[in-house]
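Q:
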Amino acid sequence: MTISIIESTNNNSVAITPIKIQSFEQWLSQQDDAINNLVGLFGFGKSVGSHLCVLDNDRKLERVYCLISDSNDLHDFSQLPNELPSGQYCLDSDDDDLISACITGWGFGSYAFDRYKKQKTFAVLTVENLNAKFAEAMETVSATKLVRDLINTPADDMGPTELAIATASIAERHNAQYHEIVGEDLLQQNFPAVHLVGRASFKEPRVLEMDWGNENDPLVCLVGKGVCFDTGGNNVKPSTSMRNMKKDMGGAAHVLGLAQMIMRLKLPVRLKVVISAVENAIAGNAHRQGDIVTTRKGLTVEIGHTDAEGRMVLSDALTYASEFKPELIVDFATLTGAARVAMGADLPPVFSNDESFNAQIMECSKEVFDPLWPMPLYQPYKKQIVPKIADLRNTGSVPFGGCITAALFLEEFVEKDIPWVHIDTFGWSLGRAGHPEGGDALGMAAMYNYISKKFGK
Numbered sequence: 001m002t003i004s005i006i007e008s009t010n011n012n013s014v015a016i017t018p019i020k021i022q023s024f025e026q027w028l029s030q031q032d033d034a035i036n037n038l039v040g041l042f043g044f045g046k047s048v049g050s051h052l053c054v055l056d057n058d059r060k061l062e063r064v065y066c067l068i069s070d071s072n073d074l075h076d077f078s079q080l081p082n083e084l085p086s087g088q089y090c091l092d093s094d095d096d097d098l099i100s101a102c103i104t105g106w107g108f109g110s111y112a113f114d115r116y117k118k119q120k121t122f123a124v125l126t127v128e129n130l131n132a133k134f135a136e137a138m139e140t141v142s143a144t145k146l147v148r149d150l151i152n153t154p155a156d157d158m159g160p161t162e163l164a165i166a167t168a169s170i171a172e173r174h175n176a177q178y179h180e181i182v183g184e185d186l187l188q189q190n191f192p193a194v195h196l197v198g199r200a201s202f203k204e205p206r207v208l209e210m211d212w213g214n215e216n217d218p219l220v221c222l223v224g225k226g227v228c229f230d231t232g233g234n235n236v237k238p239s240t241s242m243r244n245m246k247k248d249m250g251g252a253a254h255v256l257g258l259a260q261m262i263m264r265l266k267l268p269v270r271l272k273v274v275i276s277a278v279e280n281a282i283a284g285n286a287h288r289q290g291d292i293v294t295t296r297k298g299l300t301v302e303i304g305h306t307d308a309e310g311r312m313v314l315s316d317a318l319t320y321a322s323e324f325k326p327e328l329i330v331d332f333a334t335l336t337g338a339a340r341v342a343m344g345a346d347l348p349p350v351f352s353n354d355e356s357f358n359a360q361i362m363e364c365s366k367e368v369f370d371p372l373w374p375m376p377l378y379q380p381y382k383k384q385i386v387p388k389i390a391d392l393r394n395t396g397s398v399p400f401g402g403c404i405t406a407a408l409f410l411e412e413f414v415e416k417d418i419p420w421v422h423i424d425t426f427g428w429s430l431g432r433a434g435h436p437e438g439g440d441a442l443g444m445a446a447m448y449n450y451i452s453k454k455f456g457k
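Quick note, the sequence shown lines up with residues 1 to 457 if you use our numbering.
1) Measure the CB-CB distance between Arg270 and Gly213 and report whether it falls below 8 Å.
2) At what residues does the beta strand (DSSP E) containing Pro18 begin and finish?
3) Should His422 and Asp346 be called a contact, given that it needs their Cβ atoms to be closer than 8 Å?
4) Less than 8 Å between the beta carbons of Ile361 and Ala283, yes or no?
5) Based on DSSP bridge pairs, tell me the residues matched to Asp331.
6) Starting from Met245, trace the alpha helix (DSSP H) both ways and give me its first and last residue.
7) As a quick exercise: from Phe77, Val124, Glu83, Pro81, pick the residue whose alpha carbon is nearest that of Cys102.
8) Could you name the residues of the same chain whose beta carbon sits closer than 6 Å to that of Ala317, not counting the 5 residues immediately before and after it, in chain order?
9) For Thr300 and Leu392, I'd like the C-alpha separation in whole angstroms.
10) Let me make sure I understand the geometry here. Which of Ile404, Thr319, Asp95 has the alpha-carbon closest to that of Pro380?
11) Any idea what DSSP makes of Ser352, helix, strand or coil?
12) If you drop the 5 nearest sequence neighbours on each side, which residues of the same chain put their C-beta closer than 6 Å to that of Phe413?
13) Using a Cβ-Cβ cutoff of less than 6 Å, which residues in the same chain neighbour Ala132 once the five nearest sequence positions on both sides are dropped?
14) Using the Cα positions of Thr336 and Phe351, report the straight-line distance between them to the nearest angstrom.
15) Unbroken alpha helix (DSSP H) runs of length 4 or more, entirely within the region 399 to 452: which are they?
16) Enumerate, from N- to C-terminal direction, the unbroken beta strand (DSSP E) stretches of 3 or more residues contained entirely within the region 107 to 147.
17) How is the beta strand (DSSP E) around Leu196 delimited, first residue to last?
18) Taking the beta strand (DSSP E) that Ile68 falls in, what are its first and last residues?
19) Assign Leu377 to one of three DSSP states: helix, strand, or coil.
20) Counting pairs of beta carbons, one from the region 237 to 255 and one from the region 187 to 204, are three or more of them closer than 8 Å?
21) Just the Cα atoms here: how many angstroms apart are Thr121 and Lys203?
22) In whole angstroms, what is the alpha-carbon distance linking Asn152 and Glu25?
23) Are Gln177 and Met138 closer than 8 Å when you measure CB to CB?
24) Along the chain, where does the alpha helix (DSSP H) containing Asp211 start, and where does it finish?
25) Could you tell me the distance, in whole angstroms, from the CA atom of Ala34 to the CA atom of Gly40?
26) Within the same chain, show all residues whose beta-carbon is closer than 8 Å to that of Leu38, passing over the 5 residues directly before and after it, in chain order.
27) From which residue to which residue does the alpha helix (DSSP H) around Ile262 run?
28) Let me make sure I understand the geometry here. Which of Pro238, Gly183, Leu196, Pro218 has the alpha-carbon closest to that of Leu208?
29) How close, in whole Å, do the beta carbons of Pro419 and Asp354 come, if the pair is a contact with beta carbons under 8 Å?
30) Could you have a look at His174 and say whether DSSP puts it in helix, strand or coil?
31) In this structure, does DSSP put Lys272 in helix, strand or coil?
32) Just reading off the beta strand (DSSP E) that Gln88 is part of, what are its end residues?
33) Would Asn280 pass as a contact of Gly232 if the rule is Cβ separation under 8 Å?
34) Closer than 6 Å by C-beta to Leu74: which residues in its own chain qualify, once you throw out the five before and the five after it? Chain order, please.
35) Determine the contact status of Leu80 and Cys66, defining contact as a CB-CB distance below 8 Å.
36) Between Val141 and Gly107, what straight-line distance do the alpha-carbon atoms span, to the nearest angstrom?
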C-alpha cells in the first residue's frame, strides 16, 4: 500500500480549512447565505471529524471545511482520505502542530492491507516541506503501516522463518547488525524456553537479534513476543479464539516498528532488539501441561497451561536482554486476554518496575493520542504463580488478575537494577476512526515519545 501523502507545492490542490469546534458558531456567523444553507442542509458542525464540500460555479470542488477539536487530535483528520473524492488536497493552515496531526491522521486513515487484493484508492494529501519539517509524523505513519502489515499477514506467510526475513531486511536497510539462533542451536546457546514452545512447528523456533547505534550512547533493549501463530498448544484454543492468532506476533511487530522509528529519526541511543519467534503448534513433541523447563536464568517453570506460551518465550529473551545491562528494557507482547477484559481493545496496560515512569509514560501517551494506562505489579499476587514443585508456574492458581500475574512472572526475568517497561498490547483494532479493523500499533508511538524524551532527540 502506498501512503497517500506526498511532498508538493501544487497550487491545484483543494484546500481543507480546519474549523475548531469552539469557534464554529463564530465562523458560521461570518459566512454567506450559500454556506449557511449548506451547513443546514448537511448538518455540518455537529461532530468532530466531519467535513463539508463546497463547489464553485462550474460545480467543481472548490474547498473543504473540516470540523476539528481544540487539541490537535490526529483522529480528527483520519476519516477524510476515505470520504473525500479522489484528488489532491492540502491543509489550509500555518500551524505546524496541526499539519503534523493531519499528516498522521491522514496516514492512519488511508491504510488498507492489500497484499492479497486490489489496492484501494484514497484521496492524496499534499504537504510543503514534508520530509524536512514533518519527518516524525511521516515516520509514525510508516512505522504504523509496518506493524499493521506484519500483523495482518497470514501465519503461512509470516511464520518464524518469514519474521526472521523481515527483521533481517529492516536491519539491512538501516545498517544494523543482524543475528539469529535457530532450532537445536537454541538449546546449545541456552534458550530452552523458546525451544520448548516452538519445537512442535515445522518452521523452527528462533531468537532474532538486531543491533544499531553508537557504542557510546545509552543502550535501550526492545524485546518482542513473536508467536507467529498460537493454537494454544495441547490446551487447544476454541476456533473462535484461534481465528485471529496470526496477530500473536504483534509484540514483535511493535518492537520492529519502534526500532524503525528510532533508527530513521536517529535517536541518540544504542539499540538492541530481541525477538522470540515461534509457532505454538500441536504435534507429538509439543510441550505439555505439567512439564517443567529450566529457563535461561536458571529458574524452573511448571507449565500450568500451554496457552500461556508468550511469557515463556519472553522469559529467555528478557534474561538475555538483561545480560547487556541496558539503561532501559521495553517489551511488547500480546500477552493476556485478561488485559482486554480489564481495559478493552484500545487501551493497553503498561507495567514498570519503577513507579516514577508511570506518570511520564501516561503524559507521553496523551501527547501523541496513543493511550496507555499504568497497572500495578502487585506483589501479593506473586504467590499465585509459585507452585509446589518448581520456582514458578506460567499461570496463576486462580482466574483473577491475569495480566498482573503475567507481568509479575516476566518481572522475575529482569534484573532488579534495570529499568523495565512491559506493554500488554492487543495489536488489533476492532475498527474506529483512523484504526481500521485488523492489525494495529497500540502503544508504539507513546513509547517512542517516551524514549525520545528520556534520552534526548
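Glycine is no exception: its CB is placed at the ideal position from the N, C-alpha and C atoms.
A: Taking the geometry as given:
1) yes
2) 14 to 20
3) no
4) no
5) Val223, His422
6) Run containing Met245: none; DSSP gives neither H nor E here.
7) Phe77
8) Val223, Val274, Ser276
9) 6 Å
10) Ile404
11) strand
12) Lys297, Ser315, Leu318, Thr319
13) none
14) 13 Å
15) 402 to 411
16) 124 to 127
17) First-last for Leu196: 192 to 198, but that is the alpha helix (DSSP H), not the beta strand (DSSP E).
18) 61 to 68
19) coil
20) no
21) 36 Å
22) 43 Å
23) no
24) Where Asp211 is concerned, there is no enclosing alpha helix (DSSP H), although the beta strand (DSSP E) it sits in stretches over 206 to 212.
25) 10 Å
26) Phe44, Leu52, Val54
27) 250 to 264
28) Gly183
29) 5 Å
30) coil
31) strand
32) 88 to 91
33) yes
34) Ala101, Thr104, Gly105, Phe369
35) yes
36) 6 Å
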